[in-house]
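For the first sequence, this note's numbering assigns the number 981 to the initial residue and increments by one for each residue that follows. To start, the structure itself, in structure tokens.
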Amino acid sequence: MTEIKLYNTKTRSKGVFTPIDANNVRMYVCGPTVYDRAHIGNARPVIVFDTLYRLLRHVYGVDHVKYARNFTDVDDKINQRAAQTGRSIRDITDETIQWFLDDMGALGALEPDYAPRATEYITQMIEMTGELISKGFAYAAEGHVLFDVTSYDGYGSLSGRSIDDMIAGARVEVAPYKRNPMDFVLWKPSTGDQPGWESPWGYGRPGWHIECSAMSRELFGDTFDIHGGGLDLAFPHHENERAQSCACCGEDSFAQVWMHNEMLQVEGKKMSKSLGNFFSVRELLDQGYPGEVIRFVYLSTHYRKPMDWTEKKASDAEATLRKWRALVEGIEPSPNAAVPAVIACLADDLNTAGAIAALHDLAKAGKAAELKASAALLGLLGDELGGWMQDFPMQQSDALTGKIGDLYLIYIELRAQRNFVLADILRDELNGIGLSIVVNQENVPEIAFKDPRNREFVDNQILVRKIDEILARVNNGS
RNA sequence: GGCGAGUUGGCGGAGUGGUUACGCAGCGGAUUGCAAAUCCGUGUACACGAGUUCGAUUCUCGUACUCGCCUCCA
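Below you can see the structure in the form of structure tokens.
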């Protein structure tokens, strides 16, 4: 069996992954708060852990791996959105969840085995909160229930912080009902217009962190294998999750391996609305970047390094995928033809960049079946993401098609007359307006759009006019 | 202030105590009317200083710089 090594945030080292039960490998990944379209940063953990999911299924068998990713559908941002728009919370969360699934599906992400919604596990959260109180790790005060961070010795060990240092930093919400400023909310009161549930501590709603503890316990039991998410979640979210669960269920309970992906930047800068480089996955897709290209770009950088989204990378990725897809077209890979070199890279703490290099080797050697089977482990070159190769978003008008036909005939004629000077001028001019004309191996010219997704082409009339101008100049020259 | 990560050839980006990453671009050649595509060939890079070592880009320490988290955030 392939030996998988993973970097564990908890131990700050890479180690051999040994599942608790190889027949039931369990992975829990923090999913989105559903109030808006997923931005491109949200996509990183989805793609990273989707790739890990594929590897685990490859190694342990499809039926022996379970993957859960939650939807946080109770949150003040959602409440705010509801208040602003006058829509119901359920309406907003339903719609956003579907968006998320659609957008991530477009990136080739498999759907997890479980996609629990927080609001469907309130009972379990209330139960766990009560358990924490009775075990002396939490206390009720003014309608709130708070976790007492000083009651749990291991608090801070996951993210490498000490309570004293953090209090010194003094960036915590101070509240009169807190015994310690670092104490965090398990349950809080709701007023009339906020979502809420009856509880032993009054009408209220859960704090953010308790949902993952309660849901992973319900789905996976007190202990499971891998917990993943973005590095920004390490503190406070994961620290608090772990404190709750380990306090409640025992020190060695909860996740055995903690994995965190690094953050994403755009053209070298932190993504932010003020810089104007903040965009959703949907926007990227609508701009014409195929989901597979986006996925390839993400996988080109190791998940524990900051990743920069750039147009250059996207166009490089597209060129590579075009080549590879041409190579594997019509190839039926044998199910287990994935190449050891690729598997070995992925098994080494998900070295996707190394795996891609190994795929390049296969492509260079012309090993199409191996390439296709190996790429499938990274969720690439499958039929489900291949549509973009045929896509031709630009609609051609009859007038444009006719003009291109004219150009084609003229070019052939010029070459037949061996009037290469004029033929080359025509070609250069066409290049200038985004049309390429290339003579193939059979000596037949082919006209193509250099960038079929170029927005300027949407207006065919402009292109027709430009072609007319070129034709006029060429005719004058003849 | 606290915690952490990074600095690799023109660009992107892996990895390794001594041997070619890989991709793109570039350069040379084949091919072509010229191109494009394709094929062949080509690059000795690892922030700086010190230490460990027979030998360090790779380990240790320090310096500089960059970045992230500590507040909702993947």
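Note that beta-carbon positions come from the ideal geometry of N, C-alpha and C, so glycine has one too. Source: prediction; values computed, not measured.
Shortest alpha-carbon distance to residue i belongs to which of the options?
{"i": "ASP1212", "options": "GLY1134, MET1239, ASN1059, PRO1175", "result": "MET1239"}
{"i": "GLU1091", "options": "VAL1454, MET1251, PHE1029", "result": "PHE1029"}
{"i": "LEU1279", "options": "SER1225, LEU1244, LYS1250, LYS1303", "result": "LEU1244"}
{"i": "THR1281", "options": "ILE1311, LEU1307, GLU1242", "result": "GLU1242"}
{"i": "GLY1367", "options": "TRP1177, VAL1246, TYR1183, ALA1306", "result": "ALA1306"}
{"i": "LEU1361", "options": "ILE1311, ASP1328, TYR1183", "result": "ILE1311"}
{"i": "ILE1190", "options": "ARG1061, ALA1062, ASP1055", "result": "ASP1055"}
{"i": "ARG1395", "options": "LYS1383, VAL1039, VAL1419, GLY1385", "result": "VAL1419"}
{"i": "VAL1039", "options": "ALA1327, ILE1450, ALA1348, TYR1135", "result": "ALA1327"}
{"i": "ALA1333", "options": "ASP1363, ARG1284, VAL1308", "result": "ARG1284"}
{"i": "LEU1112", "options": "ASP1173, ALA1095, ILE1102, TYR1132", "result": "TYR1132"}
{"i": "VAL1319", "options": "ALA1348, GLN1397, ARG1302, LEU1451", "result": "ALA1348"}
Please work out which residues of its chain come closer than 6 Å, Cβ to Cβ, to residue i, disregarding the five sequence neighbours upstream and downstream, and give them in chain order.
{"i": "TYR1157", "result": "ALA1121, GLU1122, HIS1124"}
{"i": "SER1139", "result": "ALA1214, PHE1215, GLU1219"}
{"i": "GLN1104", "result": "ALA1194, GLU1198"}
{"i": "GLY1184", "result": "TRP1167, LYS1168, PRO1169, SER1170, GLY1176"}
{"i": "ASP1093", "result": "LYS1046, TYR1047"}
{"i": "ASN1003", "result": "HIS1044"}
{"i": "VAL1261", "result": "ALA1018, ILE1020, ALA1023, ASP1083"}
{"i": "ASP1053", "result": "VAL1014, THR1073, ARG1097, ALA1098, THR1099"}
{"i": "ALA1428", "result": "SER1416"}
{"i": "LYS1430", "result": "GLY1414, SER1416"}
{"i": "CYS1229", "result": "ASP1202"}
Could you check if residue i is buried or exposed, using at least 16 other CB atoms within 10 Å of its CB as the buried criterion?
{"i": "THR1171", "result": "exposed"}
{"i": "GLU1350", "result": "buried"}
{"i": "ARG1006", "result": "buried"}
{"i": "GLN1224", "result": "buried"}
{"i": "GLY1011", "result": "buried"}
{"i": "PRO999", "result": "buried"}
{"i": "ALA1098", "result": "buried"}
{"i": "GLU1298", "result": "buried"}
{"i": "VAL1009", "result": "buried"}
{"i": "LEU1330", "result": "buried"}
{"i": "ARG1407", "result": "buried"}
{"i": "SER1114", "result": "exposed"}
{"i": "VAL1322", "result": "buried"}
{"i": "ILE1442", "result": "exposed"}
{"i": "LEU1389", "result": "exposed"}
{"i": "PRO1180", "result": "exposed"}
If you follow the alpha helix (DSSP H) that residue i is part of, which residue opens it and which one closes it?
{"i": "TRP1304", "result": "1291-1308"}
{"i": "TYR1040", "result": "1023-1040"}
{"i": "GLU1198", "result": "1190-1200"}
{"i": "GLU1393", "result": "1378-1396"}
{"i": "ASP1113", "result": "The identity of residue 1113 in the sequence shown is Ile, whereas the question assumes Asp. Element bounds for ILE1113: 1102-1114."}
{"i": "LYS1344", "result": "1332-1344"}
List the endpoints of the continuous beta strand (DSSP E) containing residue i.
{"i": "ASN1316", "result": "Segment: none, ASN1316 is in no beta strand (DSSP E) and carries neither H nor E."}
{"i": "ASP1205", "result": "1203-1210"}
{"i": "TRP1238", "result": "1234-1241"}
{"i": "LYS990", "result": "Run containing LYS990: none; DSSP gives neither H nor E here."}
{"i": "PHE964", "result": "This structure leaves residue 964 out entirely; the chain is present only between 981 and 1458."}
{"i": "SER1252", "result": "That residue, SER1252, is in no beta strand (DSSP E); it is neither H nor E in DSSP."}
{"i": "LEU1081", "result": "Where LEU1081 is concerned, there is no enclosing beta strand (DSSP E), although the alpha helix (DSSP H) it sits in stretches over 1069-1086."}
{"i": "GLU1122", "result": "No beta strand (DSSP E) contains GLU1122, which DSSP labels as neither H nor E."}
{"i": "ILE1427", "result": "1425-1429"}
Using C-beta distances below 7 Å, list every residue in its chain close to residue i, excluding the 5 sequence neighbours before and after it, in chain order.
{"i": "GLY1271", "result": "ALA1086, LEU1087, GLY1088, LEU1265, LEU1365"}
{"i": "GLY921", "result": "Here the chain comprises residues numbered 981 to 1458, so residue 921 is not present and cannot be evaluated."}
{"i": "PHE1400", "result": "none"}
{"i": "GLY1136", "result": "SER1142, ILE1143, GLU1219"}
{"i": "GLU1221", "result": "HIS1189, CYS1192, SER1193"}
{"i": "ILE1392", "result": "PRO1425"}
{"i": "LEU1301", "result": "GLU1272, VAL1273, PHE1276"}
Below 8 Å CB to CB, which residues in the same chain sit around residue i once its five sequence neighbours on both sides are set aside?
{"i": "ASN1257", "result": "VAL1246, GLU1247, LYS1249, MET1251"}
Q. Looking at C-beta atoms only, is the number of pairs between the region 985-996 and the region 1034-1049 that lie closer than 8 Å three or more?
A. no
**Q.** Touching by the beta-carbon criterion (3+ pairs, under 8 Å), the region 1017-1025 and the region 1081-1100
**A.** yes
Q. Does the region 1285-1293 touch the region 1308-1315, meaning 3 or more C-beta pairs lie closer than 8 Å?
A. no
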